[in-house]
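Novice: Protein chains in written order, with the numbering used here: chain A, 13 to 634; chain B, 228 to 812. Handing you this structure, nothing more for now.
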Amino acid sequence: MSGLRIVGSYFRQHWALYTVGISMVGGGSLLAAQIPGLLGRVTDSLRDGRLGRAEMAGYVGLIVLIAVVRVATGWGGRVLVHHKGRELTYQLRKELFEKWSTLTPSYYHSHSIGDMISHALSDVEVIRELVSQGLNQGVSGSAMFLGATYLMVVHVDWRLTLAGLGPLLFIPLLVKLLGPQIRLQSQRSQEALGAMAQITEEVIGGIRTVKAFGTEDVVIGRFEGRVDAIVAEKMRFVHLSALFGALVPLMVNLGFIFVLGYGGFLMTEKAISLGDFVAFTLFVAMLRMPLEQLGNVINIVQRSVASLQRIDELLQVVPEVVDRKEALQDLPLQGSIQVRGLSFRYPSSEREVLQDISFTVHPAQTLGIIGAMGSGKSTLANLLLRMSDPPEGTVLVGGRDILHYPLARLRDAIAYVPQDGFLFSSMVLENIGFSDEYPDRERVECCAKITAIHENILGFPEQYDTEIGDRGVRLSGGQKQRMAIARMIYKDAPFQIMDDSLSAVDTSTERRILENLRELSNSSSADEGKGKATIIISNRLSAVQHADEIVVLEEGRIVERGNHSRLIALNGIYASQWFMQAGQFEESELDGVDAEGGRDHTTPDLDAEMEALEAGRLEEAL
Amino acid sequence: MSSATPKRGALVTLLPYMKAHQAKLWLVFFLVVAVVVIELIQPWLVKEVIDRYVTVAKPDFNSILVMSSAYLGLVLVAFGLTYYQEVLLQRIGVSIVRSLRLDLFRHIQRLALRYFDQTSAGRIITNVVSDTEALNNFFTQFLSNTLRGIFSLLLIMFFMLRLDTVIALYCFLLLPPVVLLAIYFQKKIRTVNAEVRHRLGVVIGFLAENLSGMSIVQIFNQELKQQKALNERNRALLESTILENRWFLCFFNITELLGDLAIAALLWFGGKEVIGGTISFGILYAFIGYIRRFFQPINTISQQMNILQSSIVASDRISRTLQEVPDIQELMGATAPEVTGKIQLDGVSLAYRAGYPILHNINLLIRPGERVGFVGATGAGKSSIMNLVTRFYDVTAGAVIIDGKDIREWPLEALRRSVGIVQQDVMLFSGSIIDNIRFFQADISEERVREACRLVGAEPFILRQPRGYETMLSERASTLSAGERQLLSFARVLIFDPRILILDEATASLDSRTEEVLQEAIHRVSAGRTLLVIAHRLSTVQQMDTICVLEQGRIVESGTHGELLRQRGYYWRLHQSGMLLEEAA
């Protein structure tokens, strides 16, 4: 039950407000419970014939007063409580995101983002329900119930109270018993719907395959199966909810009948007055909703226990990589990157991903890292960036262990291009100038020119202000990568890491970009007397060909090292790959035509056609 | 997306489906009336008790007892009827939606590829899933609640009129303001709620993106900036939810207040009448009971307007889809010829959009068993030729003739089963490996599947999977590598055994080592078939009997690898650029 802490501390923090809110809600409901009694008294006076105009006016005035006061207090109290509850959702979501901002890839690998979002949405909403709706209904429901019961028992007759309220007491019980089942069954039919959606998605996505094999009937059969599953789940849900929907009024009606019969009897016996009887029938009708709500509160509490637990656990996660409080050197990073005898394995596995890696990259120098998939290249980049912590003393910058720098300093000093060229759905300008809160337009354009993406951007509907992604332009893999490299250049950090970031760019553009980069690095070295230390990780040898040193990784070990000509002369893995890939350049060249030259054709082709259609649709959507 | 606004009449799509359940719908109708009457008779009963048996000279308990017992009987009947009515109505709705879904899906399956190329997948899926679900809500929520609400309202008015016409008419004065209030608030709440959902979507989108790009955020040291950005969106969401809640509370409390004030007014005016002796106390009581119940049906009905609106939009979209006419029509009574795999393109042109031809007057003869490679840039028309041979699209001019017969005169299924295609992206469906290979056709024996897998060399990796052939493939089969997926698709081709096989960039996404492994499989799969290969890499097509080089919708060169090199044309240049690079080493 540690999760209750979240709610508990929130209540404590805002205790004054909650006290006021709850008293208002409860007070309003207590007042509401007075009205049937009042009507009963009017009835008796009427019947006795001793009700004059003045008294009548008095009663009516009293009812109006009670109505206004009880609605006003109830309203005000609910506004307060709901408001606070919604602020809690804001605060929890904020705290969750702040926590998630400190977690490293290892956490993201083992947790699905979909689940995390569902915590930030549903679990937080469930907690909000507890502290706003649950609290309101609990307070107002019990106030009204207790108030009414008190009035009935004390002023009228306890046996009649029992007869009238007895059946009604089953209502919260019904809500508690059937409510969760109905909810569960409703989830099941949602899941069945999800399964149908999934199959539809597959079939529509793979329609070429379906049609090519002439198997439309097969997929229709599968679809029908899913639709039938929905029908079955839905009907189960319907049976439950219809039962609930019929039982609740039954209970109210039974209460009414007991009041009618037994109350009628007591009346004929003169044990109670007509006014009492009238008040009773009104009470029974009035208590239906609060009792349903009380049942609902029980369900809300039950559901929120699990949600509180989950949110609490999320907020308690300890980040793997943190600033080391001891021996922290709050200095800017400069000098060379040095890796000394680095071996690494992930905590979850036995295998060493990296074994005894050593190299040094000086300012204005470039290191190329070559290796097949799974050779440990990307792990190496992750360690340099401290996405995972390397072992003590293995990675140094300017002669100091990177573990001893504050994370913010380290990451300020390194610019990085990821493999997939991940971009955000924001403006081109904001993406390239991601490292600034208010990006400098000129500098962004300059960076875009270096990576040969400027012309493409000028072709976008709103140029540098065009949104990237679903609501704006979709970029090809090569465009994304060039954009991501521009983002790295914009950051202008002393260390640069490019993780296979030219793979979707054709070889001639790649050559151009690399030349531009070298030029940039040299010019900056002329300016400041020292240039950037660059690490280029790649599958394609052409990307590292001009590096000062190239290391070849295989299964986590450096198997060859040297510059291009030395490695060719060595006639080992690098050389054999070089000759193989050289044979492939012809195709890469063709790839280039495809990736970049497609839009230059004067004859519209299918792709251009589709693009135009997309654009048209986009315009309409806007 | 058309700008035309959905017509009110759009719900007519549903009419034929509802007709099929006509009798049951009438039954539901009568059951609703019965249940509502039993429920609403309560204040009347109390009035009877008061006026007839209590406030008389000689109170009559026996009659009260009889009346209570009779009502008990009615209440129990009403319990059964309520349950039965609800289940019945929902069953009708569910089965109508079921038929509609199946009809819609069947229809979509019949549509030609042009439809799928021009309509975004998201929209089709929304159509099949959400739009039909919106119609489900039409039955389960709109119909059931509106029916009940309208009858409640009518019956309350009826009872009131029977009790006392003048007071009843005074009470009806309440109706217009209450209705207007309900409509006003519902509209307001609807717009506020749309804003909430929009802002929630923004927050979700932001979270999803930033969580998947968290390492970029961290590496660029922009955590604070992104947190600030989230907080802005989060704050906007908070404000809109608070606003929504305020409107909601406002509506709820004003209704409550109105209810109480109405009782006070009744008491004031009715009380005078009672004192004056014009009406009995019982009547006043009944009025108080009824006026309390006046509000709920109005609110319920006004809430249903949302659902009605979205069902109209949904049914409009569904009927549009159902009105789509398939581009590719099968000729009545078409029969397939003896299939040997001879393909003839006879002056073929193709334009996806009128006036913008992609293929120009292509003439090509492919003999049975011949292997033909197609190279050229994207947009040169390689894939378009394949779209014609499979009859995904029909030619704009000329004819595609397979085994002596224009393919427009073939039965579609026979054609598609004679022409197999392996694409770059292998489409696997959620289900077991074996079902994916035999495409969920259980009549294809397991042994045949195994044989095919052995032949293409897929069996070793399949057996390495946790449950072998029965292993369930997860979403998009991310557990398999691209090469493994391609092997499965080769096995699939073997099972379907087409005479003509198209490899559409089948190995483009594979690294060279995997491609080598696959070459052997390709070799086996293509044996004895007419083979059309589209490729980026020249190495893939070098061995073909004929290579066609396409440029801007025309075949500019064709011949064997050797012949083409000797021609020193486009193909030679492509090949040469690679040579030059090699020399640079």
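All C-beta atoms, glycine included, are put in the ideal place defined by N, C-alpha and C. Small disclaimer: the values here were computed from a predicted structure and weren't measured.
Excluding the 5 residues flanking L484(B) on each side, which residues of the same chain have their C-beta closer than 8 Å to its C-beta?
Specialist: Here the set comprises nothing.
Novice: Considering only their Cβ atoms, is the gap separating T406(A) from V365(A) smaller than 7 Å?
Specialist: No, the pair does not count as a contact, with Cβ atoms beyond the cut-off.
Novice: For R462(B), tell me which candidate among V430(B), A489(B), A748(B), G300(B) has the shortest Cα-Cα distance.
Specialist: Nearest C-alpha to R462(B): V430(B).
Novice: Is G86(A) closer than 7 Å to V37(A) when the C-beta atoms are compared?
Specialist: Yes, Cβ-Cβ distance for V37(A) and G86(A) is below 7 Å.
Novice: If you drop the 5 nearest sequence neighbours on each side, which residues of the same chain put their C-beta closer than 6 Å to that of K632(B)?
Specialist: Cβ neighbours of K632(B) beyond the five flanking positions: P564.
Novice: Can you tell me whether H587(B) is helix, strand or coil according to DSSP?
Specialist: DSSP places H587(B) in strand when its eight states are reduced to three.
Novice: For a contact defined as C-beta to C-beta under 9 Å, what are the partners of D487(B) on chain A?
Specialist: Per Cβ cutoff of 9 Å: A44, I47, I75, V76, I78, A79, V80, R82, V83.
Novice: Rounding to the nearest angstrom, what Cα-Cα distance links V564(A) and I349(A) in this structure?
Specialist: Going from the Cα of V564(A) to the Cα of I349(A) covers about 18 Å.
Novice: State the start and end residues of the unbroken alpha helix (DSSP H) segment that holds R352(A).
Specialist: Note, R352(A): premise wrong, no alpha helix (DSSP H); beta strand (DSSP E) at 349-356.
Novice: I need the boundaries of the beta strand (DSSP E) containing E560(B), first residue and last residue.
Specialist: Before going further, note that residue 560(B) is Gly rather than Glu in the sequence given. Looking at the DSSP string, G560(B) is not in any beta strand (DSSP E), and its letter there is neither H nor E.
Novice: If we count the other Cβ atoms within 10 Å of its Cβ and call it buried at 16 or more, is R486(A) buried or exposed?
Specialist: By the neighbour-count rule (16 or more Cβ atoms within 10 Å), R486(A) is not buried but exposed.
Novice: Where in the segment 72-96 of chain A do unbroken runs of the beta strand (DSSP E), each at least 3 residues long, occur, reported from the N-terminal end onward?
Specialist: Counting only runs of 3 or more, we get nothing.
Novice: Quick check on DSSP: helix, strand or coil for R24(A)?
Specialist: If DSSP states are grouped into helix, strand and coil, R24(A) belongs with the helices.
Novice: In whole angstroms, give me the CA-to-CA distance for R726(B) and A209(A).
Specialist: Taking the straight line from one Cα to the other gives about 35 Å.
Novice: Could you give the residue range of the alpha helix (DSSP H) that holds L511(B)?
Specialist: Run containing L511(B): 508-520, per the alpha helix (DSSP H) assignment.
Novice: Check the Cβ of R677(B) against every Cβ in chain A and list those closer than 8 Å, keeping chain order.
Specialist: The premise fails here: R677(B) is roughly 19 Å from chain A at the closest Cβ pair, so nothing lies under 8 Å.
Novice: Does the distance from the CB of A669(B) to the CB of L721(B) come in under 7 Å?
Specialist: No, these two residues do not count as a Cβ contact at 7 Å.
Novice: Can you round the beta-carbon distance between T787(B) and T767(B) to whole angstroms, since I take them to be within the 8 Å contact cut?
Specialist: Not quite, the Cβ-Cβ distance comes to about 15 Å (not below 8 Å), so this is no contact.
Novice: Quick one: which chain B residues come within Cβ less than 7 Å of G273(A)?
Specialist: Chain B residues near G273(A): I291, L292, S295.
Novice: Which ranges does the alpha helix (DSSP H) cover as unbroken runs of at least 4 residues, wholly within the segment 221-294 of chain A, from first to last along the chain?
Specialist: Complete alpha helix (DSSP H) runs here, min 4: 228-270, 276-280.
Novice: Please report how far the alpha carbon of T215(B) lies from the alpha carbon of L77(A), in whole angstroms.
Specialist: Missing from the structure shown is residue 215(B); chain B here goes from 228 to 812 and no further.
Novice: For chain B, is any of its Cβ atoms less than 7 Å away from the one on E572(A)?
Specialist: So, not an interface residue.
Novice: Using CA coordinates, which residue listed in F378(B), L476(B), E422(B), L400(B) is at the minimum distance from H94(A)?
Specialist: Measuring from the Cα of H94(A), the nearest candidate turns out to be L476(B).
Novice: Given that H94(A) touches chain B, what residues does it touch there, using C-beta distances under 8 Å?
Specialist: By Cβ distance, chain B contributes I469, N472, L476.
Novice: Near L592(B), which residues of its chain fall below 7 Å by C-beta distance, leaving aside the five closest residues on each side in sequence?
Specialist: Cβ neighbours of L592(B) beyond the five flanking positions: Q571.
Novice: Going along chain B in order, which residues have a C-beta closer than 8 Å to the C-beta of I269(A)?
Specialist: Those within 8 Å of I269(A) in chain B are S295, Y298, L299, V302.
Novice: Does the beta carbon of V168(B) come closer than 7 Å to any beta carbon on chain A?
Specialist: The structure shown does not extend to residue 168(B), since chain B spans only 228 to 812, so no value can be given for it.
Novice: Quick check: R336(A) and L415(A), are their CB atoms within less than 7 Å of each other?
Specialist: In contact: R336(A) and L415(A) (Cβ atoms closer than 7 Å).
Novice: Give a yes or no on whether 7 Å exceeds the smallest Cβ distance from T562(B) to chain A.
Specialist: Not an interface residue.
Novice: Looking at the structure shown, is F601(B) part of a helix, part of a strand, or coil, going by DSSP?
Specialist: In the structure shown, F601(B) sits in a strand (DSSP, three-state: E or B).
Novice: Find the residues of chain B that neighbour M510(A), judging by a C-beta separation of less than 9 Å, and give them in chain order.
Specialist: Simply none; closest approach about 12 Å.
Novice: So what's R573(A) in DSSP terms, helix, strand or just coil?
Specialist: Reduced to three states, the DSSP call for R573(A) is strand.
Novice: What separation, rounded to the nearest whole angstrom, lies between the Cα atoms of R460(B) and V329(A)?
Specialist: Each residue's Cα considered, the two are about 25 Å apart.
Novice: Kindly indicate which three-state DSSP category E608(A) falls into: helix, strand or coil?
Specialist: In this prediction, E608(A) scores a pLDDT of 35, lower than 50, which makes its location untrustworthy; the coordinate-derived value is nonetheless stated afterwards. Note: E608(A) maps to helix in three-state DSSP.
Novice: Does the beta carbon of P117(A) sit closer than 7 Å to a beta carbon anywhere in chain B?
Specialist: Answer yes: the Cβ-Cβ gap between P117(A) and chain B drops below 7 Å somewhere.
Novice: Output the distance between the C-alpha atoms of G471(A) and S326(B), rounded to the nearest integer angstrom.
Specialist: Spanning the two alpha carbons is a distance of roughly 47 Å.
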